[in-house]
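Report on the following structure.
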Amino acid sequence: MQNANRKLAIIDIGSNTIRLVIYWKNKFGKYKEEENIKSVARLRHYLVDNGNLHDQGISILVNCLKGFKEIIEFHKVEVVKCVATATIRQALNKEDVLDIVKEQTGFKIDILSEKEEAYYGYFAVIQTTPITEGVTIDMGGGSTEITYFQNRELKYSHSFPFGVVSLKEQFIKGDTISFEEKESLIKYIQESLQQLPWLKNLQVPIIAIGGSARTVAQIDQNLKKYPLAGIHQYTMSTRDLKEILDMVERLNPLQIEKLEGVSKDRADIILPALEVFFTISEYVRTEKFMFSKKGLREGIYLKEYEKNREITEIEVIVSSNIQELVHDYGISAQHSNHVAQLAKQIYTQLEIVRGLQLSSEIKKMIDLSSRLYYVGQIVDSDVSSQHTFYYLANTSIDGLEHKDRLKLALIASFKNKALLKQYSAPFENWFTRAELQEIRIAGAITKIASALDASKRGVIKDVSIQNEFQNNKLIFTIDGSGNLFAEKYQAEKQLRHLEKAIKKNIQLVFIH
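The opening position of the sequence shown corresponds to residue 1 in full-length UniProt numbering, with each subsequent residue numbered one higher.
Below is the structure:
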């Protein structure tokens, strides 16, 4: 798998949906999603009383895979992995199903064991979120996988033989749930959870994976008029979860279908999903319910096709994602790294000389933001700040929760205090005044660092700072080589933002 731009496909045959995802390999050896195509097959409906997958279900599966095969051939995909989960795993005639599929489509289906399915979901979560200890829930149509990890290492896993489709069929006979049906459903979930004493009262974050989880996140974001895009690493509280559950229970099927964030094929199964999510949240006693867009399929390609991927430190994951953005936006890697180096010199010196106190978190944000400063100029240099903020605020970055992603965007787009206020206005409850002041200082430092590499030649080698107490000013001695006129002009032009932010006069001295 060493060729750049080589494509692979993963076909995920679930109990509710069958999905084809095509990935292509970039220059960093990472796979990027190119196509994502879903078919709502509801195979679980065709698992009949004798335990076999009915002929009609097999026909639906085969026809779907034939359609996927045409798409795969069109995109010239070289490697195809086809996996199946609960419904095929539970079917007594699974061997016959595999033979029919192989004969009529050419696809060899790998049936994932319960442990494998749980593991791949866990692996995707620890490789794409910053959570070091937590519980994963991957709720499909016919099974629900739960894991507990600590220090990002898997400790326990379990697969329940129920999912949203099977729970709907077993407990909800009409269009709405009755009081008795709800009581029976909750009792069943609670009794099932008693099998997992290691899960009780953990008080750690829950990370939910899969289509039902995605729907819950979208409902919550629409109700709150959430100002950022994307559900990956989006978080809500158990109270939020309960409010959505109470609301959905009061709605009829047509009203549920009209809820923003609910697709038509999820409307009839969202209620049992909510009951499971909330009951498990109470059992775990969590306050943080996070959603991961990355699940089974991502876990498979990360583990099996990026052979060097083991359990990676979260800082490495974030840095790798930033490096990819630098490449995607056409930024010079040399310039990006040099600005980050200069920014670090400046804030380190300010801490020593000025006594500036910056949190370790904001210093990490400076290191990341300075690599992406004003990436929006690729669209329009006159409004590069605005484009930078929009791009970064709405770009999912593995390992950065939404608040940190917003900090990154505010620092990397910093132009002046007025624009910072404008960008942060829709998020007034997200930051304290002290946090906004830190962001302002971080933005000003990043702006100066970028100015000191205005010509992108890396000619500034060192920045040292002295405190001239008697004149209440700082002297920045900037050591460089060659003609520094571009750096000198830009740095002097942008200096006032840092002076105002740290309330100190600054003099720039350029030396060769």
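Backbone N, C-alpha and C define an ideal beta-carbon position, used for all residues, glycine too.
By how many angstroms is the C-alpha of residue j removed from the C-alpha of residue i?
| i | j | result |
| --- | --- | --- |
| glutamate 282 | lysine 242 | 10 angstroms |
| isoleucine 37 | leucine 302 | 20 angstroms |
| asparagine 16 | glutamate 183 | 25 angstroms |
| isoleucine 445 | alanine 343 | 6 angstroms |
| glutamate 304 | leucine 508 | 53 angstroms |
| aspartate 382 | isoleucine 478 | 28 angstroms |
| arginine 152 | histidine 45 | 36 angstroms |
| phenylalanine 28 | glycine 330 | 14 angstroms |
| leucine 368 | isoleucine 244 | 36 angstroms |
| glutamine 127 | lysine 364 | 19 angstroms |
| aspartate 398 | threonine 87 | 31 angstroms |
| valine 318 | tyrosine 347 | 21 angstroms |
| alanine 412 | arginine 433 | 19 angstroms |
| tyrosine 373 | glutamine 386 | 12 angstroms |
| aspartate 99 | tryptophan 24 | 29 angstroms |
| glutamine 349 | alanine 425 | 31 angstroms |
| glycine 115 | tyrosine 391 | Per the sequence shown, the amino acid found at residue 115 is lysine instead of glycine. Cα to Cα, the separation comes out at about 38 angstroms. |
| isoleucine 231 | aspartate 220 | 10 angstroms |
| glutamine 437 | valine 164 | 46 angstroms |
| serine 113 | serine 143 | 11 angstroms |
| arginine 214 | phenylalanine 291 | 7 angstroms |
| leucine 8 | aspartate 328 | 21 angstroms |
| aspartate 462 | glutamine 345 | 8 angstroms |
| tryptophan 430 | lysine 403 | 7 angstroms |
| arginine 6 | glutamate 313 | 27 angstroms |
| lysine 155 | isoleucine 207 | 15 angstroms |
Would you mind reading off the limits of the beta strand (DSSP E) that contains residue i?
| i | result |
| --- | --- |
| isoleucine 22 | 17-25 |
| valine 318 | From DSSP, valine 318 is part of no beta strand (DSSP E) but of the alpha helix (DSSP H) over 314-328. |
| glutamate 468 | 460-468 |
| lysine 473 | 473-480 |
| glutamine 507 | 505-511 |
Can you give me the start and stop residues for the alpha helix (DSSP H) that residue i sits inside?
| i | result |
| --- | --- |
| glycine 443 | 433-451 |
| serine 359 | Taken as a continuous stretch (DSSP letters only), serine 359 belongs to no alpha helix (DSSP H), as it is neither H nor E. |
| glutamate 183 | 179-193 |
| residue 540 | The chain is shown from 1 up to 512; residue 540 falls before or after that span and cannot be answered. |
| serine 424 | 417-424 |
| serine 370 | It is not in any alpha helix (DSSP H) - serine 370 carries neither H nor E in the DSSP assignment. |
| histidine 497 | 485-502 |
| lysine 297 | A quick correction: the sequence has arginine, not lysine, at residue 297. Element bounds for arginine 297: 296-304. |
| valine 165 | 164-171 |
| glutamine 127 | 114-128 |
What residues are listed by DSSP as bridge partners for residue i?
| i | result |
| --- | --- |
| phenylalanine 149 | Gly134, Leu154 |
| cysteine 82 | Ile11, Ile109 |
| serine 159 | Glu145 |
| alanine 91 | DSSP output for alanine 91 lists no bridge partner at all. |
| alanine 208 | Ile137, Phe291 |
| tyrosine 31 | Lys25 |
Mark residue i as exposed unless 16 or more other C-beta atoms lie within 10 angstroms of its C-beta, in which case mark it buried.
| i | result |
| --- | --- |
| valine 97 | buried |
| isoleucine 511 | exposed |
| glutamate 103 | exposed |
| aspartate 12 | buried |
| glutamine 195 | exposed |
| valine 21 | buried |
| tyrosine 148 | buried |
| arginine 405 | buried |
| asparagine 472 | exposed |
| glutamine 2 | With a pLDDT of only 45 at glutamine 2, under the threshold of 50, the placement of this residue in the model should not be trusted, and no figure is reported. |
| glutamate 468 | exposed |
| asparagine 505 | exposed |
| glutamate 145 | buried |
| serine 481 | exposed |
| serine 159 | buried |
| phenylalanine 289 | buried |
| leucine 53 | buried |
| glutamate 315 | exposed |
| glutamine 150 | exposed |
| alanine 418 | exposed |
| serine 59 | exposed |
| isoleucine 352 | exposed |
| glutamine 233 | buried |
Any Cβ of chain D within less than 8 angstroms of the Cβ of residue i?
| i | result |
| --- | --- |
| tyrosine 305 | Among the chains in the structure shown there is no chain D, since it carries only a single protein chain. |
Along the chain, which unbroken stretches of the beta strand (DSSP E) at least 3 residues long are found entirely within the region 377-401? none
Curious, which full-length alpha helix (DSSP H) runs of at least 4 residues does the region 213-290 contain? 238-250, 253-257, 270-284
Segments assigned alpha helix (DSSP H), at least 4 residues, entirely inside the region 33-60: none
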